[in-house]
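Numbering (our numbering), first residue to last: 11 to 324. All residues carry an ideal CB built from backbone N, CA and C; glycine is no exception. Accompanying notes for the structure given below.
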């Protein structure tokens, strides 16, 4: 399904939390409001201006951090594959942010800039490969609070066979009858279902990771690793690797949803409610358990819809 429907012009929305304006979004009008009453968050969602039915996901989670880090996508002009992957990811992420009306500080960097980046400030660094150096520096940067996002084997300098984080990458054996989705994959409708390469479930767990994508026959498509004050987010396959059920645009969409919902900083279980809205919209009210440092996100589950809203309860 394409993104042509996203081009429909719309009025801006305002997100409210106890009267404080947060993030405007294009698409149909949406208003997300949360009022706290003791251990309960009373959530109101209002949608208007839509001309057909669709699905909205409401996700609540406790976050260890609430940050708006710069996202730096690392490329290599001398490596054709990496250049293509990085450029495609940049374009897709930029389009996702613009269409959903989200401010995302997005930059490109060359692989020879990694030494400076790994001794610099916190950011979200997206990698598709490395030159075999900087493994220890990268690990220490993450532990100090940085976020690394890796796509496939050999994307992160301290991840791989006989390395600091010994993850098992193998061909992903897909079986429609055996695939299982995580709570995060369900809540955000993650698209990267069956990559060609997967991470062994046992190796993910042994390295302190949490599967947050799709599992099939002992293999994982996506995992989150808390490391000190930072995070490592690992997609099991490269965007350029042929995918069974999704492609580079799906991986970019998944990364956008994970970052903007705060799932890379989630702490514990998430709460998830699905809203089926009809032409003309409506008003929905729900109660969620109030947890510390909570973010509530509303996001449309179809690529051609642009609804997005988030409020933070501190």
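Restricting attention to 68, 39, 55, 47, the CA atom closest to the CA of residue 273 is found in 68. Inter-segment contact for the stretch 297 to 311 and the stretch 63 to 79 is present: three or more beta-carbon pairs are separated by less than 8 Å.
Two segments are said to touch when three or more pairs of C-beta atoms, one from each, lie closer than 8 Å; by this definition the stretch 39 to 57 touches the stretch 279 to 299.
Nearest to residue 102 by alpha-carbon distance, out of 90, 173, 228, 117, is 117. Taking a C-beta distance under 9 Å as the contact criterion, residue 156 and residue 135 qualify as a contact pair.
Secondary structure of residue 110 (DSSP, three-state): helix. Excluding its 5 nearest sequence neighbours in each direction, residue 104 has C-beta neighbours in its own chain below 8 Å: 114, 116, listed in chain order.
Within the same chain, no residue comes within 8 Å of residue 108 by CB-CB distance, once the 5 residues on both sides are set aside. Out of 215, 239, 184, the CA that lies nearest to the CA of residue 224 is found in 184. When secondary structure is reduced to three states using DSSP, residue 167 falls in the coil class, being assigned neither helix nor strand. Counting C-beta atoms within 10 angstroms of its own C-beta, residue 63 has fewer than 16 neighbours from the protein chains shown and is therefore classed as exposed. In this structure, the beta-carbon distance from residue 84 to residue 119 falls below 9 Å. Note that the C-beta distance between residue 110 and residue 317 is below 9 Å. Remark: C-beta atoms of residue 142 and residue 92 do not approach each other more closely than 9 Å. Annotation: residue 148 is outside any beta strand (DSSP E); the continuous alpha helix (DSSP H) that includes it extends over 145 to 153. Assignment of beta-bridge partners to residue 282 by DSSP yields 69. Taking the C-beta atoms as reference points, residue 158 is found no nearer than 9 Å to residue 144.
Counting of Cβ neighbours within 10 angstroms places residue 90 among the exposed residues, the total staying below 16. In this structure, DSSP gives residue 301 a state outside helix and strand, which the three-state scheme calls coil. Taking C-beta atoms as the reference points, residue 73 and residue 319 fail to come closer than 9 Å. Nearest to residue 226 by alpha-carbon distance, out of 205, 164, 270, is 205. Annotated three-state conformation of residue 206 is coil, per DSSP. The DSSP-derived three-state label of residue 289 is coil.
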